[in-house]
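**Student:** Residue numbers (the numbering used here): 22 to 306.
We put the beta carbon where it would ideally sit given N, CA and C, even for glycine.
1) Taking only the alpha-carbon atoms, compute the straight-line gap between residue 220 and residue 153 and give it to the nearest angstrom.
2) Assuming residue 258 contacts residue 248 (C-beta within less than 8 Å), just tell me the rounded distance between them.
3) Pick from 129, 265 and 108: whose alpha carbon is nearest that of residue 29?
4) Quick check for students: name the residue ranges of the beta strand (DSSP E) that lie wholly in the stretch 231 to 265, counting only runs of 3 or more.
5) Can you check the stretch 69 to 108 for any alpha helix (DSSP H) of at least 4 residues that lies completely inside it and give the ranges in chain order?
6) Which residue comes first and which comes last in the alpha helix (DSSP H) that contains residue 39?
7) In its own chain, which residues sit with a C-beta less than 6 Å from the C-beta of residue 270, not counting the 5 before and 5 after it?
8) I'd like to know whether the C-beta atoms of residue 92 and residue 111 end up nearer to each other than 8 Å.
9) Taking residue 297 and residue 188 to be in contact with their CB atoms under 8 Å, please state how far apart those CB atoms are, rounded to whole angstroms.
10) Rounded to whole angstroms, what's the CA-CA distance from residue 135 to residue 218? Just pull it up for me.
11) When we look at the beta-carbon of residue 255 and count the other beta-carbons within 10 Å, is it buried (16 or more) or exposed?
12) Rounded to whole angstroms, what is the Cα-Cα separation between residue 145 and residue 250?
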């Protein structure tokens, strides 16, 4: 793994606090009869909850880490993409808006710190479930329950070891995965669990799933926080070339949407135990 700068002091506590506060801005809109659903240029949904959470996160990060730029989904969709180099935050204020609009509680707040294209820290918070996951390159990964805005005791996260058991697959609830089914062809699979938003990464980090293949479209703010949690728990996210997924403006950024598309992900596979990588390569050969 590339060398990285020391993490800012108090990073874990600060990101956890900001995520919980953002979640508190989202919950009043959840399953509200007054929820208004708008649509962005790519036809994806946008609600007041997305905007309220983003404003909260941007204010919190600016106050705590004013020197670190932030790339956030809704701002980027409006063409507000700062110039980023080695270190920046990637934010999805409400990941899983489709689930949110449907009344499904599997939506999350995602905040990640990127250093030299690596997600070195990240928090994933599911406010409707009261579940929070955090991981960083220095301290490992943990999960905790949030009740009435107060975080409970921490429990350490670690991916499950893989022996000869069939693989437990986790897949998207909202996106087709035909290419991923082809990728998994020939591998011993025990079953498939559907999950929304970045919780798929967290299921692997908790040891409750082994692999999450994704061929459908995603953006870096969709994956960075979950990727950070998974890596801190001992897992890895690989691109089609078998290299760890990278983060940053990939390409010139001179795009019609103001540079947001430079943060699009390629196809990837998230795995728990790295031994699964050899299984994937053997199945593909």
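**Tutor:** Taking the geometry as given:
1) Numbered from 1 along the chain shown, position 199 holds the residue referred to as residue 220. Numbered from 1 along the chain shown, position 132 holds the residue referred to as residue 153. Distance between residue 220 and residue 153, taken at the CA atoms: about 10 Å.
2) What you label residue 258 is simply residue 237 of the chain shown in a count that begins at 1. What you label residue 248 is simply residue 227 of the chain shown in a count that begins at 1. Going by Cβ atoms, the distance from residue 258 to residue 248 rounds to 5 Å, so yes, they are a contact pair.
3) One-based indexing of the chain shown puts residue 29 at position 8. The candidate whose alpha carbon is nearest that of residue 29 is 108.
4) Here the runs fully enclosed are 232 to 235 and 257 to 260.
5) Complete alpha helix (DSSP H) runs here, min 4: 69 to 85 and 94 to 98.
6) Locating residue 39 in the chain shown gives position 18, where the first residue counts as 1. The continuous alpha helix (DSSP H) containing residue 39 extends over residues 32 to 47.
7) Sequence index remark: in the chain shown, residue 270 carries index 249 (1-based). 283, listed in sequence order.
8) Walking along the chain shown from the start, residue 92 turns up at place 71. Walking along the chain shown from the start, residue 111 turns up at place 90. Yes. Within cutoff.
9) Against the chain shown, residue 297 aligns to sequence position 276. Against the chain shown, residue 188 aligns to sequence position 167. Here residue 297 really is in contact with residue 188; their C-beta atoms are around 7 Å apart, less than 8 Å.
10) Your numbering for residue 135 matches position 114 in the chain shown. Your numbering for residue 218 matches position 197 in the chain shown. Cα atoms of residue 135 and residue 218: separation of roughly 20 Å, rounded to the nearest angstrom.
11) To locate residue 255, count along the chain shown from 1; it is residue 234. Counting Cβ neighbours within 10 Å, residue 255 comes out buried, since at least 16 surround it.
12) On the chain shown, position 124 is the one that residue 145 refers to. On the chain shown, position 229 is the one that residue 250 refers to. In this structure, the alpha-carbon of residue 145 lies about 8 Å from that of residue 250.
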